[in-house]
Each structure stands twice: as structure tokens, then as C-alpha cells.
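**Student:** Our numbering numbers the first residue of the sequence shown as -6 and each following residue consecutively.
Beta carbons are placed, not taken as given, at the ideal position from N, Cα and C, and that holds for glycine.
This is the structure I have questions about; it appears just below.
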Amino acid sequence: MKKPLFSLRIAAVLLALVMLVTGNAVWSATAATKSELEQKLELLERQETQIKQQLASAKNDLSASQQRKNLIDSQIANVQQQIDLLDTQVQNMNAQITAVESQITAAEKEIADKEAAIAQTRENLGTRLRAIAKTGNMTTLQLLFSVDNYKDYLIKAKAMQLIADNDQAAIEAYEAQVASIATQQADLENKKVDLEEQKQQLETVRASSNAKKKQLDTLYAAAQAEVKKLQSTVSGYNSQLAAKQREMEETEKEITKLIQNTTSTGQYNNSMMYWPVPTVRAISSTFGVRWGTMHRGIDIANGPIPIYGQNIVAAADGTVIYANYTSVWGGGYGYYCIIDHGKDSRGRSVTTLYAHCSKMYARVGQKVVGGKTVIAQAGSTGNVTGPHLHFEVRLDAKSVDPLGTYVSPNVN
Ligand SMILES: [Zn+2]
């Protein structure tokens, strides 16, 4: 008897909706409008979840890649520091070698000078002795037999002896100097050999450090390219996500319009509602911004009793204004329904929404009794990671935090 009346009401509501969206050729029939909206939302939410998963995975990859890049970066810095140190050491070594080389050159010149001096002294001595001996063209024997010249001979002989002694002393001094300088030169040559060896070792280490740095540079370039690629992947997913979220907001607006254009019947009595799952009173997620997006309700799950298949009751007296039970499995809200509880004392329409159900008993137009009428069974249809009831309270179609104000796991 009542059923045709409700059908008429729904038809009127949907007709109003169609009038509202006149111009969109796709929404040609009232029945198709709701179904299309639901399916559109479900599809969008499914796509959004997929993109979010892809984005999270790409972000993970990016972070891992960034870490690899940073590690290589610090390794390069270490090796570069070693190379710089080695460069400084090789430079010092070169300076030392140059100094020793110039000392060796100086020693060589000094030895050459002394040797030249020795040769000169020897030559001078010979020349003078020959000059004295030739004086008067007489031999020593001739001098001995010449009384007149005997005194002269003695003077000459003494002078020759003095000159010979002086020059011999000078030659001996020079030779001692030459020997000392030659010892110094040999020490310097040994020092130079040591320095060359040390320098060779440093250059070997530097060559291997350079090779290591070259290897790291190659790795770094690869890591940098990977980071760049992943960054563009992440940015691609971000823009896809943003577009999807804008599209979802549009669909949410359309759903809101649908509720707003449903005539709210009755009066909400302003008392606390009944807890929608009498056997499960645990909350797994609260109302508000979650992972960057708005969570429009609370999630009920994770109590001592598994929620899957548990009865869901109407939170308050009212009329079912929306219920889906034949739509595409797995998308968005899954199987869900909306109940109108009438206007509150401030004239706002009060509605509740129950999502992700495994079974839907509620039918549009059905009158329900708060805490008594079983409208559905809890499940995991739509975008979920596990079974739970997603429960919303809406005032004039706008979702509000239901916890404390409308429901409490400890009340009703
Ligand atoms: Zn939820």
C-alpha cells in the first residue's frame, strides 16, 4: 500500500535531479542517473587508490635512489679529499727533489772548481820550477863546480824548496775539500733516490684513487639519472592524482546535490544515535584529513569479534534514500546506503551513510527503526585494505565528525 507512494516520491526526486542537470545527454533516464553517478564515483575512487599505490611505490624507489646517490656523493667527497692530500704530498716531494737537485748541481760545480784549482796549482808549480832550473843554463853539477855561483845556487835551491812546499800544501787542502764535497754529493744522491721512491709510491696511490673516483663518478651519474627519472615519474603520478582528486570532488558535489534534492522527512530527535555495529565497538580510523585527503567518516573494525558479516543497524529512525546492491563490485564505497533521519532542531537534514557492506538489505523508501532494523552486513567492498564499516553523518549533505556528538561506542 505504501510502496507505490515511495516510488512516486523517489521518481519525483529524480525528476527534479534530471531537471537540475538538463543539458547532459548521458543522464537521459532517472534510473540511469543514480547508477551512473555511483559507478563513476566508484571507478574514480578505484583509480585514485591505484594511482596512490603507484605514487607511494615510486616515492619509495625515489627515496632509495636518493639515498644511494647521497652515499656515492659522500664516497666521492672522501676520495677527492684523499686525492687532494696526495696532490699536496706529491707537490711537497717535488719541491724537496728540486731542492736536492740544485744542491747536487752546486756540489758538482764546487768539485769541478776545486779540481780546476788543483790542476792550475800543479801547472803553476811546474812552470816556476822549470823557470828556476833553466836560469843561467846550468845544471846542478855545473853549479857545484862554480864557486862564484855557489851562493847563488843555494839561494835558488831554497826558493825552489819553499815554492814546492807551499804549492803542495795548497794542493793537499784542495784535495781534502774535494773529498768532503764528494761525500756530501753522494749523500745528496742517496737522498734524491729516497725521495723519488716516496714520490713513486704516492703517485701509485694517487693513480688508484683517481681510478676509484672515476668509477664513483660513473655510479653517481647513473644514480643522478635514476633520481631524475623517478622524480618525473613521481611528478607524473602527482598530477594524475591531483586530476583524479579534482574529478572526485566534482562527483562528491553531484552526490551532495542528490542528497540535497531529496526531501528530508520527519524530525531528528537530537538524541545520541545507536552504534551502527552492536557487536563491534572498536574504531580503526577517525574523521578528518588522512594521508592528504579528507576522511568523511569513521571506520569501525578491529574489535575482539571480526567485523566481516556482522549486522549493521540503522543509527536512528528514518527512511532509506539511497542503497546500491547491484553496482560494480570493489569500487569506492562498495555496497552502501544512505538513510534520511529528518531535520534537526536547527532545520538541517540529518543523514547517515554506511559503506563497504558485504550484503545490502536496505531498499530505497524503506522505513527503518534506530538500533533495530538490520540494513546491511559489514564487509570489504569498494576501496578498502580490510573489512570495516565506513560510517558518515551528514548535515545538509555535509559530512561532520560523528564521534561524541552523534555516536559513541559506549552509548546505545
Ligand atoms: Zn572510512
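#1: In three-state terms, what does DSSP make of residue 266?
#2: Can you check DSSP and say which residues form a bridge with residue 360?
#3: Less than 9 Å between the beta carbons of residue 195 and residue 47, yes or no?
#4: Which residue's Cα is closest to the Cα of residue 418: 318, 289, 61, 274?
#5: May I ask you to report which of helix, strand or coil DSSP gives residue 197?
#6: Taking the straight line between their C-alpha atoms, what separation do you get for residue 269 and residue 227?
#7: State buried or exposed for residue 80, treating a residue as buried only when at least 16 other CB atoms are found within 10 Å of its CB.
#8: So for residue 279, helix, strand or coil by DSSP?
#9: If I measure Cβ to Cβ from residue 108 and keep anything under 7 Å in the same chain, skipping five residues before and after, which residues do I get?
#10: Ligand 1 and residue 290: does any heavy atom of the ligand fall closer than 8 Å to the residue's C-beta?
#11: If contact is defined by three or more beta carbon pairs under 8 Å, each pair taking one atom from either stretch, is the region 322 to 339 in contact with the region 371 to 378?
#12: Which residues in the same chain have their Cβ closer than 6 Å to the Cβ of residue 345, if we skip the five residues on either side of it in sequence?
#13: Starting from residue 333 and walking both ways along the beta strand (DSSP E), at which residues does that stretch end?
#14: Taking the Cβ atom as the reference point for each residue, do residue 44 and residue 233 lie within a distance shorter than 9 Å?
#15: For residue 359 and residue 313, what's the separation of their Cα atoms in angstroms?
#16: Quick one: residues in its chain with C-beta nearer than 8 Å to the C-beta of residue 212, no 5 flanking neighbours on either side, listed in chain order?
#17: Could you check how far apart the C-beta atoms of residue 205 and residue 72 are, in whole angstroms? I think they sit under 8 Å.
#18: Note down the Cα distance separating residue 399 from residue 53, rounded to an integer number of angstroms.
#19: Just mark residue 155 as buried or exposed, buried being the case when its beta carbon has 16 or more other beta carbons within 10 Å.
#20: Would the beta-carbon of residue 275 be found less than 8 Å away from any heavy atom of ligand 1?
#21: So, using beta-carbon positions, are residue 311 and residue 384 closer together than 9 Å?
#22: Buried or exposed, going by whether 16 or more other CB atoms sit within 10 Å of the CB of residue 285?
#23: Is residue 392 near ligand 1, with its Cβ less than 8 Å from a heavy atom?
#24: Does the beta-carbon of residue 308, which I'm using as the reference point, lie nearer than 8 Å to any heavy atom of ligand 1?
#25: Within 8 Å: the Cβ of residue 214 and any heavy atom of ligand 1?
#26: Leaving aside the five residues before and after residue 335 along the sequence, list all residues of the same chain whose C-beta is less than 7 Å from its C-beta, in chain order.
#27: Pull up the distance between the alpha-carbon of residue 403 and that of residue 277, whole angstroms please.
#28: For chain C, is any of its Cβ atoms less than 9 Å away from the one on residue 215?
#29: Among the candidates 157, 355, 348, 110, whose CA atom is the shortest distance from the CA of residue 294?
#30: Roughly how many whole angstroms lie between the Cα atoms of residue 147 and residue 113?
**Tutor:** Working from what's here:
#1: coil
#2: 312
#3: no
#4: For residue 418 there is no data in the structure shown, the boundaries of the chain being -6 and 405.
#5: helix
#6: 40 Å
#7: exposed
#8: coil
#9: 171
#10: yes
#11: yes
#12: 308, 332, 386
#13: 328 to 336
#14: yes
#15: 5 Å
#16: 65
#17: 5 Å
#18: 40 Å
#19: exposed
#20: no
#21: no
#22: exposed
#23: no
#24: no
#25: no
#26: 257, 258, 259, 260, 261, 311, 343
#27: 15 Å
#28: As a matter of chain content, chain C is missing from the structure shown, which is built from one protein chain.
#29: 348
#30: 28 Å
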